[in-house]
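Q: Each residue of the sequence shown is one higher than the one before, counting from 2 in our numbering.
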Amino acid sequence: QMWEEAIALGKELAEQYENEMFDYEQLSELLRKQAQFYENIVKVIRPKPDYFAVGYYGQGFPTFIRNKVFIYRGKEYERREDFEARLLTQFPNAEKMKTTSPPGEDIKNSSGQYIQCFTVKPKLDLPSKFHRPVSEQIVSFYRVNEVQRFEYSRPVRKGEKNPDNEFANMWIERTIYVTAYKLPGILRWFEVKSVFMVEISPLENAIETMQLTNDKINNMVQQHLNDPNLPINPLSMLLNGIVDPAVMGGFTNYEKAFFTEKYMHEHPEDHDKIEKLKDLIAWQIPFLAEGIRIHGEKVTEALRPFHERMEACFRQLKDKVEKQYGVRAALSSLDERRGSRPRSMVRSFTMPSSSRPLSVASVSSISSDSTPSRPGSDGFVLEPLLPKKMHSRSQDKLDKDDLDKDKKEKKKEKRNSKHQEIFDKEFKSTDISLQQSEAVILSETISPLRPQRPKSQVINVISSERRFSVSPSPPSSQATPPPITPRTKLSFSIQSNLELNGMSSSDIPDVPPPLPLKGSMADYGNLMENQDLISPTTSPPAHQRVSP
Numbered sequence: 002q003m004w005e006e007a008i009a010l011g012k013e014l015a016e017q018y019e020n021e022m023f024d025y026e027q028l029s030e031l032l033r034k035q036a037q038f039y040e041n042i043v044k045v046i047r048p049k050p051d052y053f054a055v056g057y058y059g060q061g062f063p064t065f066i067r068n069k070v071f072i073y074r075g076k077e078y079e080r081r082e083d084f085e086a087r088l089l090t091q092f093p094n095a096e097k098m099k100t101t102s103p104p105g106e107d108i109k110n111s112s113g114q115y116i117q118c119f120t121v122k123p124k125l126d127l128p129s130k131f132h133r134p135v136s137e138q139i140v141s142f143y144r145v146n147e148v149q150r151f152e153y154s155r156p157v158r159k160g161e162k163n164p165d166n167e168f169a170n171m172w173i174e175r176t177i178y179v180t181a182y183k184l185p186g187i188l189r190w191f192e193v194k195s196v197f198m199v200e201i202s203p204l205e206n207a208i209e210t211m212q213l214t215n216d217k218i219n220n221m222v223q224q225h226l227n228d229p230n231l232p233i234n235p236l237s238m239l240l241n242g243i244v245d246p247a248v249m250g251g252f253t254n255y256e257k258a259f260f261t262e263k264y265m266h267e268h269p270e271d272h273d274k275i276e277k278l279k280d281l282i283a284w285q286i287p288f289l290a291e292g293i294r295i296h297g298e299k300v301t302e303a304l305r306p307f308h309e310r311m312e313a314c315f316r317q318l319k320d321k322v323e324k325q326y327g328v329r330a331a332l333s334s335l336d337e338r339r340g341s342r343p344r345s346m347v348r349s350f351t352m353p354s355s356s357r358p359l360s361v362a363s364v365s366s367i368s369s370d371s372t373p374s375r376p377g378s379d380g381f382v383l384e385p386l387l388p389k390k391m392h393s394r395s396q397d398k399l400d401k402d403d404l405d406k407d408k409k410e411k412k413k414e415k416r417n418s419k420h421q422e423i424f425d426k427e428f429k430s431t432d433i434s435l436q437q438s439e440a441v442i443l444s445e446t447i448s449p450l451r452p453q454r455p456k457s458q459v460i461n462v463i464s465s466e467r468r469f470s471v472s473p474s475p476p477s478s479q480a481t482p483p484p485i486t487p488r489t490k491l492s493f494s495i496q497s498n499l500e501l502n503g504m505s506s507s508d509i510p511d512v513p514p515p516l517p518l519k520g521s522m523a524d525y526g527n528l529m530e531n532q533d534l535i536s537p538t539t540s541p542p543a544h545q546r547v548s549p
């Protein structure tokens, strides 16, 4: 689960795959693994192993461990008692020491075997790349990994014993151990190369304890904000232990020990430290307020009385602290810390409008607003619309009318050329910019540039087109291009075609003329050749036929 180390090795491999071997298949697989590692870092909770200092004293041990101290990395969730039992199985004759202080020369020079074991705390050594606040989920790895300094704190009392307040004279004797290499490494244990000791005054210990408490509250609040499914019990115990003075006493002991005139008079050099401690106490209130708010949202009905009592204690604590030490801006600090969460926890759906895919409705609306519906105006040669299936003549009938087909095909070409001239004249001023519209809906419609129909289809549609054909005379200035919709033949309305033939609107009857009578079950392709001479209102005789 040391995914940070795996990512570092993966970057080295990626450089080789990309720039040396050009193996993009392996590179893509490696990058997918790295993406999964980054996701695991943020989402997966990893156990934090404990570290133990082990000293081997006495002449009975081998020389490579005799009178030396080593730092061991324990297994996951391994307690100190279990580690000691596992250690003593390797040296069944060794005696376990009862104290944590360094042994005297008599024990080091004795012929026996003495083992000293106690838990040490790794000291965070954050890499330099983290130059700004980051998520606790990312920092937590470096609290127990890539560590080389370890500390062990032992309380020591100096001066007169104060039965009312034990914090006034409690000093901390802190021993720092520095190993030869960072842990974990190729081994789970390394020798201690240097040891030094520092003393922490009672006031410095109070400042450090308050800082650790505030960080612990803030980290747990961040965890619950990032993952609402976390259990509420650890948060309940932490908050109750701080706001309920009957549990731990809170910071009241610090006030009695350091905020008195007697202490300030005896230790004038600690004035800045006292102000810092007051500031930490004031900052604890907004952290507690956020934690209690989250606790109230997630608390169950069974724990509702417990939460209400905790809220009552917090209100009293808040009034007291704000009155004595001032009010701190809670929201600004918490928002800043929330903003430092990694961007992988926040999914952004913001896309530029140009790269956002268009929906069906968007394409349709753009087409209806910016794209003309007439054929030929969008700059595309559209697929010609196939004519509707009509009643066709039998095959033997078509074979006998070959000469008639050729003649009518020539007339058809002449009509197409006339239609082309009309469209070119009417649509020559069409805006070219509309032809470059991005959203184009292709539909089946007739284009003036369409290919000619097969000969077998010309006869089927020639009759209806002959009825409203365009005369050779030029169109009048009042003519307007008729609207052409998909799935229509190349024909015009009665009014438009009569005007194109030179007839005025006063000569147009209100009721359209009836269709000519059918002469047989075949379609109107068998009409007379002199149909153009017949008035539109005159029906042709049904018995008149023209032989080829």
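Cβ coordinates follow ideal geometry from the N, Cα and C atoms, glycine included. In this text the structure is predicted, and so the values were computed from the model without any measurement.
In its own chain, which residues sit with a C-beta less than 8 angstroms from the C-beta of I295, not counting the 5 before and 5 after it?
A: Cβ within range, chain order: V222, H225, L226, L236.
Q: Determine the extent of the beta strand (DSSP E) in which A54 is found, giving its start and end residues.
A: 52 to 58 is the span of the beta strand (DSSP E), which, as asked, contains A54.
Q: Residues in its own chain within less than 8 angstroms of P156 by CB, not counting five upstream and five downstream?
A: Around P156: M171, W172, I173, E174.
Q: Should I218 and V300 be called a contact, given that it needs their Cβ atoms to be closer than 8 angstroms?
A: No, Cβ-Cβ distance for I218 and V300 is not below 8 angstroms.
Q: Could you spell out the range, first to last residue, of the beta strand (DSSP E) harbouring E200?
A: Here the beta strand (DSSP E) through E200 covers 190 to 201.
Q: Please state the DSSP three-state secondary structure of L31.
A: Note: L31 maps to helix in three-state DSSP.
Q: Which value, in whole angstroms, describes the spacing of the CA atoms of Y153 and I116?
A: Each residue's alpha carbon lies about 17 angstroms from the other.
Q: For L140, which residues in the same chain have their Cβ closer than 8 angstroms to its Cβ, ignoring the five residues on either side in sequence?
A: One point to set straight first is that residue 140 is Val, not Leu, in the sequence displayed. So the list reads L125, L127, F131, once near-sequence residues are dropped.
Q: Between the stretch 54 to 74 and the stretch 184 to 195, can you find at least three pairs of beta-carbon atoms closer than 8 angstroms?
A: Taking 8 angstroms as the limit for Cβ pairs, the verdict is that the stretch 54 to 74 does touch the stretch 184 to 195.
Q: With G327 and A283 assumed to form a contact (beta carbons below 8 angstroms), what rounded beta-carbon distance in angstroms separates them?
A: So it is a contact: roughly 6 angstroms between Cβ atoms.
Q: Applying the criterion that 16 or more other CB atoms from any shown protein chain within 10 Å of the CB defines a buried residue, is S285 buried or exposed?
A: Correcting the residue type first, residue 285 is Gln in the shown sequence and not Ser. It counts as buried.
Q: According to DSSP, what are the bridge partners of Y255?
A: None, per the DSSP bridge assignment.
Q: Exposed or buried, L31, counting other C-beta atoms within 10 Å across all chains shown (16 or more means buried)?
A: Per the 10 Å Cβ criterion, buried.
Q: Could you tell me whether any non-hydrogen atom of the ligand MN is closer than 7 angstroms to the CB of E21?
A: As presented, the structure is devoid of all ligands, the ligand MN included, so that no description of it is given.
Q: With a 10 Å radius around its C-beta and 16 neighbouring C-beta atoms as the bar for buried, classify I46 as buried or exposed.
A: By the 10 Å Cβ count, I46 comes out exposed.
Q: When you compare the stretch 193 to 201 with the stretch 81 to 95, are there three or more beta-carbon pairs, one atom per stretch, that lie closer than 8 angstroms?
A: Too few Cβ pairs lie closer than 8 angstroms, so no.
Q: For V86, count neighbouring Cβ atoms within 10 angstroms of its own Cβ and tell me buried if that reaches 16, exposed if not.
A: The sequence given here places Ala at residue 86; Val does not occur at that position. Answer is exposed; the Cβ neighbour count stays below 16.
Q: Could you tell me the alpha carbon to alpha carbon distance between M311 and R329, rounded to whole angstroms?
A: If you take the alpha carbons of M311 and R329, they lie about 21 angstroms apart.
Q: Where does T176 fall in DSSP's three states?
A: Note: T176 maps to strand in three-state DSSP.
Q: Using only alpha-carbon positions, find the residue among P229, N220, E209 that is nearest to Y255.
A: Cα-wise, what sits closest to Y255 is E209.
Q: Would you say V211 and L318 are within 8 angstroms of each other, going by their C-beta atoms?
A: Note that residue 211 corresponds to Met in the displayed sequence, not to Val. No, Cβ-Cβ distance for M211 and L318 is not below 8 angstroms.
Q: Please list, in chain order, all residues of the same chain as E96 whose beta carbon is under 8 angstroms from its beta carbon, the five residues on each side excluded.
A: If we look at E96 and ignore the five residues flanking it on each side, its Cβ neighbours are G113, Q114, Y115, I116.
Q: Is any beta-carbon of chain D found at less than 8 angstroms from that of K124?
A: You won't find chain D in this structure, because it holds only one protein chain.
Q: Does the separation of the CB atoms of I8 and G59 fall below 8 angstroms?
A: Their beta carbons are not under 8 angstroms apart, which means I8 does not touch G59 by this criterion.
Q: On the DSSP bridge assignment, give the partners of F260 in chain order.
A: DSSP lists no partner for F260.
Q: Could you give the DSSP three-state label for I120: helix, strand or coil?
A: According to the sequence displayed, residue 120 carries Thr and not Ile. T120 falls in the strand class under three-state DSSP.
Q: What's the gap between the Cα of V43 and the Cα of Q138?
A: Computed Cα separation, rounded: 6 angstroms.
Q: Taking the beta strand (DSSP E) that F151 belongs to, which residues open and close that run?
A: Segment 148 to 158, the beta strand (DSSP E) holding F151.
Q: Taking the beta carbon of E147 as the centre, do at least 16 other beta carbons fall within 10 Å, making it buried, or is it exposed?
A: That one is buried.
Q: Would you call F65 buried or exposed, if buried means 16 or more other Cβ atoms sit within 10 Å of its Cβ?
A: So F65 counts as exposed.
Q: Using beta-carbon positions only, say whether D271 and L204 come within less than 8 angstroms of one another.
A: The answer is yes: Cβ separation under 8 angstroms.
Q: What's the C-alpha gap between F119 and A169?
A: One C-alpha to the other measures close to 27 angstroms.
Q: Hey, out of E19, N163, A303, P123, whose CA is closest to V145's CA?
A: If we check each option's Cα against that of V145, P123 comes out closest.
Q: With 16 other CB atoms within 10 Å as the buried threshold, where does L281 fall?
A: The residue is buried, with at least 16 neighbouring Cβ atoms inside 10 Å.
Q: Going by DSSP, name the residue or residues bridged to K130.
A: For K130, which the question treats as bridged, DSSP gives no partner whatsoever.
Q: So who's on the other strand from M171, going by DSSP bridges?
A: R158, per the DSSP bridge assignment.
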